[in-house]
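Working notes for the structure below.
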Amino acid sequence: MVDRDELREQFTEAFEDADYPISSPMGLIPALPNGPSTKFESGDFSMTAMELNTKLDGDFPYENVDSLVDDVMASLESRDLI
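In structure tokens, the structure reads:
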């Protein structure tokens, strides 16, 4: 079972140092600890940042990490991935 709070925390930590506002997914890569290979895991959920990008309905630009993470979580939930 996925711990949504744990996953939200992982996304926030990974994306919080990005140079906001972010106008595309490419703007997030420098902030990621392992670039596009950065992995997010909780319970039976496991996805790299590169895989995550293909699953998102992102609405760029993002002004801050909270709005980005809110959209990431909503996209994953709407696709029944978490």
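Quick note on the numbering used here: the sequence shown kicks off at 31 and runs consecutively.
The beta-carbon is built from N, C-alpha and C at its ideal position, and this holds for glycine as well.
Check                                                                                        : Outcome
Cutoff 6 Å; reference SER72; Cβ partners in own chain excluding five residues on either side : VAL32, ASP33, GLU36, LEU37
ILE59 versus SER76, SER105, ASP96, PHE41, residue with shortest Cα-Cα distance               : PHE41
CA-to-CA distance, ASP49 to PHE70, given in whole angstroms                                  : 21 Å
TYR92 to VAL99 span [Cα, whole Å]                                                            : 10 Å
beta-carbon ASP49 near the ligand GTP non-hydrogen atom, thresh 6 Å                          : With respect to small molecules bound, the structure shown includes none, and the ligand GTP cannot be examined in it.
Which of helix, strand or coil DSSP assigns to SER108                                        : helix
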